[in-house]
Amino acid sequence: MTCDSCRLCRETPVRDVLSQDTAPDATISLAAERLRRSPYGVLPLVDHDGTYRGVLTVQAVSDALAEGTDAATTVESLAEVPSILREDEHVDDGIRALDLSSCGVVPVLASDGERVVGWFDYRSALATFR
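Going by UniProt numbering, the sequence shown opens with residue 1, and the numbers climb by one from there.
This is the structure:
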């Protein structure tokens, strides 16, 4: 489902409606705790200078622990790279990215494509109409 005919969606920048939730890469144990509190079941992975490296999902952590991976192992190898948005793209771009996403949420990067600035989901898209 896209919103090509909606002027608000074509003109509203994603940065105006996204929700904030970022976390650095960590051990599987720490990531599991953060994921437990995450409203999306997914966290962005960023390196020490804040550069986006992918996302970590509840499923990836669960699978790693079920396979016997040590909880002190870092999560870098569990990273997935879903569709992304840049904060200067528009809501209709966000809706298209969500349609391609397997996790129901899309990380939003700064205009430079390096830093995670938040998350975009269907609730974010609906915020256009407030």
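A virtual CB, placed ideally from N, CA and C, is assigned to each residue, including glycine.
What residues match up with Gly118 in a beta bridge as DSSP calls it?
Residue 118 sits at position 118 when you count from the first residue of the sequence shown. DSSP output for Gly118 lists Val108 as bridge partner(s).
Determine, using beta-carbon pairs with one atom in the region 62 to 75 and one in the region 91 to 110, whether at least three such pairs fall under 8 Å.
no
Return the CA-CA distance between Ala66 and Ala125, expressed in angstroms with no decimal places.
Translated into the one-based positions of the sequence shown, residue 66 becomes position 66. Translated into the one-based positions of the sequence shown, residue 125 becomes position 125. Their Cα atoms are separated by approximately 35 Å.
Just checking, does the region 8 to 15 make contact with the region 81 to 91 on the three C-beta pairs under 8 Å criterion?
yes
CB contact flag (Leu45, Leu35, <8 Å):
Numbered from its first residue, the sequence shown carries residue 45 at position 45. Numbered from its first residue, the sequence shown carries residue 35 at position 35. Not a contact, by the Cβ cut-off of 8 Å.
Burial state of Tyr52, where buried means 16 or more other Cβ atoms lie within 10 Å
By 1-based counting over the sequence shown, the position of residue 52 is 52. By the neighbour-count rule (16 or more Cβ atoms within 10 Å), Tyr52 is buried.
Spatial distance of Arg86 from Gly113 (CA atoms)
By 1-based counting over the sequence shown, the position of residue 86 is 86. By 1-based counting over the sequence shown, the position of residue 113 is 113. Taking the straight line joining both Cα atoms gives about 6 Å.
Identify whether Glu80 lies in helix, strand or coil by the three-state DSSP scheme.
For this step, residue 80 is matched to residue 80 along the sequence shown. In the structure shown, Glu80 sits in a strand (DSSP, three-state: E or B).
Considering only residues of the same chain and omitting the five flanking positions on each side of Ser62, which have a CB-CB separation below 7 Å?
On the sequence shown, position 62 is the one that residue 62 refers to. Nothing listed; no residue qualifies.
Can you tell me whether DSSP reads Arg86 as helix, strand or coil?
Walking along the sequence shown from the start, residue 86 turns up at place 86. Here Arg86 sits in strand by DSSP.
Val81, buried or exposed, once every other Cβ within 10 Å from all chains shown has been counted against 16:
As a first step, residue 81 must be located in the sequence shown, where it is residue number 81. Exposed: under 16 other Cβ atoms inside 10 Å.
Span of the beta strand (DSSP E), counted from its first residue to its last, around Arg15
Numbered from its first residue, the sequence shown carries residue 15 at position 15. Note, Arg15: premise wrong, no beta strand (DSSP E); not H, not E.
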